[in-house]
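Number of protein chains: 2
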Amino acid sequence: MVPIIERQPKKQRHQQLLRIIEENPFVTDRELTRLLKVSIQTIRLDRMELGIPELRERLKLMAERSYDAVRSLQLDEVIGEIVDLQLDKSGISIFEIQKEHVFSRTGIARGHHVFAQANSLAVAVINDEIALTSAADIRFLRSVRLGEKCIAKAFVRSHSGGKSKAKVEVFTYVGDEMVFQGHFVIFRSAGERANEGGSERADRD
Amino acid sequence: MVPIIERQPKKQRHQQLLRIIEENPFVTDRELTRLLKVSIQTIRLDRMELGIPELRERLKLMAERSYDAVRSLQLDEVIGEIVDLQLDKSGISIFEIQKEHVFSRTGIARGHHVFAQANSLAVAVINDEIALTSAADIRFLRSVRLGEKCIAKAFVRSHSGGKSKAKVEVFTYVGDEMVFQGHFVIFRSAGERANEGGSERADRD
DNA sequence: TACTGAATTAGTACCTGGTGATAATAGCTG
DNA sequence: CAGCTATTATCACCAGGTACTAATTCAGTA
Chain F
30 MVPIIERQPK
40 KQRHQQLLRI
50 IEENPFVTDR
60 ELTRLLKVSI
70 QTIRLDRMEL
80 GIPELRERLK
90 LMAERSYDAV
100 RSLQLDEVIG
110 EIVDLQLDKS
120 GISIFEIQKE
130 HVFSRTGIAR
140 GHHVFAQANS
150 LAVAVINDEI
160 ALTSAADIRF
170 LRSVRLGEKC
180 IAKAFVRSHS
190 GGKSKAKVEV
200 FTYVGDEMVF
210 QGHFVIFRSA
220 GERANEGGSE
230 RADRD
Chain Y
30 MVPIIERQPK
40 KQRHQQLLRI
50 IEENPFVTDR
60 ELTRLLKVSI
70 QTIRLDRMEL
80 GIPELRERLK
90 LMAERSYDAV
100 RSLQLDEVIG
110 EIVDLQLDKS
120 GISIFEIQKE
130 HVFSRTGIAR
140 GHHVFAQANS
150 LAVAVINDEI
160 ALTSAADIRF
170 LRSVRLGEKC
180 IAKAFVRSHS
190 GGKSKAKVEV
200 FTYVGDEMVF
210 QGHFVIFRSA
220 GERANEGGSE
230 RADRD
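Just so you know, the protein sequences line up as chains F and Y, in that order.
Here my numbering is used: the first residue of the first sequence is 30, the next is one more, and so on.
Here my numbering is used: the first residue of the second sequence is 30, the next is one more, and so on.
Here you go:
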């Protein structure tokens with residue numbers, strides 16, 4: 030028979046080990062011996078069984094991830110991926126809701142992420158040196174869930190030549206269902222060119 | 030006389046060294062000897078003079094930075110630190126604008142981060158199982174810059190017992206200057222307080 | 001009872017990517 | 001030539017491991 034009285038402690042230790050390293054990847058094997066009250070060899074056997082790399086490898090992996098992340102997230106001025114952009118006219122971006130965007134208990138996206146996509150797009154679509162959100166009126170029409178792809182469409186409604194404000198409407202869809210709508214007032218820097226090409230008027234709403 | 034014919038190569042090498050490590054922090058001293066055609070001792074003397082830590086230290090620093098970033102950005106359900114919370118009444122949170130929150134060119138905070146703080150607080154202040162932003166009307170009164178501390182104050186204006194919507198006003202200040210105001214409509218789940226488990230609000234999930 | 005076998009512990013050799021110290025050399029320069 | 005800087009060469013040592021072999025413990029059982 031399998032000595033379950035012996036087996037349990039090992040599995041429990043494995044669970045503890047995973048938990049400890051999860052919440053502090055910077056721990057050395059020697060420190061783990063003090064936490065788990067077993068020899069360093071046992072720690073190393075455990076790591077092997079669990080496929081946990083050594084401290085230096087863990088740090089290297091984290092560094093590589095963050096190196097990529099810094100390049101792709103922080104330097105990125107836009108939340109979501111812009112797939113179409115006609116400056117001063119319209120734009121489309123796609124943003125997939127991942128687990129870091131949702132309430133973990135419910136799997137529902139936190140509102141400010143949906144807002145962030147729309148806000149980024151509204152700013153990006155303005156063809157000017159500086160564009161800042163000045164005001165917004167927004168509606169969350171239905172909650173967005175983990176894994177759903179949000180497609181935001183922005184339309185510049187007015188960017189009248191001399192003025193320093195532009196109005197942008199953004200509608201966000203999941204599939205063909207509208208989940209968010211926002212009306213943004215974007216402040217723009219003075220130096221705009223005098224092209225007033227957009228004859229679009231409010232053909233919606 | 031100073032042997033500038035000798036000095037220049039050294040300074041040039043230092044510049045190269047800085048550039049190489051900047052764009053690839055994962056390089057070892059041994060690899061650098063091949064790139065710079067000098068001995069490994071020279072590489073190490075150069076690193077010392079330039080105050081560049083060894084590979085493992087560099088990786089550790091990157092890992093720590095990314096670890097903090099993950100903790101503060103992704104795992105946190107609330108943007109900003111809540112310093113006071115009176116459920117269904119009011120709340121205060123503090124959020125410092127860091128470089129990942131600003132337009133790199135101008136140093137001005139992107140609107141959705143300021144919004145995120147306010148939105149998080151508006152949701153947190155509602156004492157209910159589920160609270161979701163339903164709509165919001167917001168104004169960015171002045172731009173917020175890198176390094177500024179945003180203090181958001183939320184007030185629940187109506188949470189009439191049976192209703193499923195609450196109104197929350199949030200005002201964000203830098204010093205005594207108001208930089209943002211928002212009027213939120215928060216959807217809440219049926220029960221005003223589910224007495225099923227005790228300290229609900231302790232779990233941020 | 002003695003045997004089996006998993007789990008644990010111990011010990012050794014070796015590895016990478018370094019630090020720190022000391023000393024030898026190269027190359028120019030006044 | 002001496003004097004100087006820069007460079008290179010060794011050597012001992014370190015942390016935090018891997019890889020391997022061997023001993024010990026301890027429960028279950030044939």
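In this text, a Cβ means the ideal position worked out from N, Cα and C, and glycines have one as well.
Treat the numbers as computed from the prediction; the structure is a model and nothing was measured.
Tell me which residues share the same chain as Lys128(F) and place their Cβ nearer than 7 Å to its Cβ, disregarding the 5 neighbours each side in the sequence. Leu175
Taking the beta strand (DSSP E) that His212(Y) falls in, what are its first and last residues? 206-217
For Ile72(Y), does the three-state DSSP call read helix, strand or coil? helix
Ignore the nearest five residues each way along the sequence and tell me which others in Ile126(F)'s own chain have a CB closer than 6 Å to its CB. Ala138, Val173, Leu175, Glu177
Can you list, in chain order, the residues of its chain whose CB lies under 8 Å from that of Gly140(F), leaving out five sequence neighbours each side? Phe169
Within-7 Å CB hit, Leu88(Y) to chain F: yes
Residue range of the alpha helix (DSSP H) that includes Ala147(F): Taken as a continuous stretch (DSSP letters only), the alpha helix (DSSP H) holding Ala147(F) covers 140-153.
Cutoff 6 Å; reference His130(F); Cβ partners in own chain excluding five residues on either side: Counting only Cβ-Cβ distances below 6 Å, and skipping sequence neighbours, we find Ala138, His142.
Using the Cα positions of Ala165(Y) and Gly109(F), report the straight-line distance between them to the nearest angstrom. Rounded to the nearest angstrom, the two C-alpha atoms are 21 Å apart.
Ignore the nearest five residues each way along the sequence and tell me which others in Ser187(Y)'s own chain have a CB closer than 7 Å to its CB. Once the five neighbours on either side are set aside, the close Cβ partners of Ser187(Y) are Ala195, Lys196.
Same chain only: Cβ atoms within 7 Å of Val56(Y), ignoring 5 sequence neighbours per side: So the list reads Ile49, Ile50, once near-sequence residues are dropped.
Where DSSP assigns a beta bridge to Arg87(F), which residues make up the other side? None; Arg87(F) has no bridge partner.
Which whole-angstrom value is the C-beta distance of Val199(Y) and Leu150(Y), which I expect to be below 8 Å? 6 Å
Between the Cα of Ile180(F) and the Cα atoms of Phe144(F), Val214(F), Ile215(F), which residue gives the shortest distance? Phe144(F)
Own chain residues within Cβ distance below 6 Å of Gly211(Y), not counting five before or after: Ala147, Ala165, Ile167, Val199
What is the DSSP secondary structure of Arg134(Y), counted as helix, strand or coil? coil
Within chain F, the residues that Ile155(Y) reaches when beta carbons sit closer than 7 Å: Ordered by position in chain F, no residue passes the 7 Å Cβ test against Ile155(Y), which lies about 13 Å from the chain.
Report the rounded CA-to-CA distance for Ala160(F) versus Asp97(Y), giving the unit in angstroms. 30 Å
Starting from the Cα of Arg76(Y), find the closest Cα among Lys66(Y), Leu90(Y), Leu61(Y) and give me that residue. Leu61(Y)
Indicate whether at least one CB of chain Y lies closer than 7 Å to the CB of Asp58(F). no
What residues from chain Y crowd round Thr135(F), counting only those whose CB sits closer than 7 Å? Near Thr135(F) (Cβ distances below 7 Å), the residues of chain Y are Ile159.
Going by beta-carbon coordinates alone, are Arg94(Y) and Pro54(Y) separated by less than 7 Å? no
Three-state secondary structure (DSSP) of Ser95(F): helix
In the DSSP assignment, find the unbroken beta strand (DSSP E) run with Arg186(F) in it and report its ends. For Arg186(F), the enclosing beta strand (DSSP E) covers residues 178-187.
Does His141(F) have its Cβ less than 7 Å from a Cβ in chain Y? Answer yes: the Cβ-Cβ gap between His141(F) and chain Y drops below 7 Å somewhere.
Using CA coordinates, which residue listed in Pro38(F), Val208(F), Ile155(F), Phe209(F) is at the minimum distance from Phe216(F)? Ile155(F)
Note down, in chain order, every chain Y residue with its Cβ under 9 Å from the Cβ of Tyr96(F). Pro54, Phe55, Met91, Ser95
Cβ neighbour criterion (16 or more within 10 Å) applied to Leu46(F): With 16 or more other Cβ atoms within 10 Å, it is buried.
Proximal chain Y residues relative to Ile167(F), where beta-carbon distance stays under 8 Å: Ala164, Ala165, Asp166, Ile167
Just confirm the distance between the C-beta atoms of Arg42(F) and Leu65(F), as a whole number of angstroms; I'd bet it's less than 8 Å. 6 Å
Could you give the C-beta distance for Thr135(Y) and Phe213(Y), rounded to a whole number, given that I count them as a contact under 8 Å? That belief does not hold up - the Cβ atoms of Thr135(Y) and Phe213(Y) are roughly 27 Å apart, past 8 Å.
For Arg85(F), go through chain Y and note every residue whose CB falls closer than 7 Å to its CB, in chain order. Arg85
Ile69(F): buried (16+ other C-beta within 10 angstroms of its C-beta) or exposed? exposed
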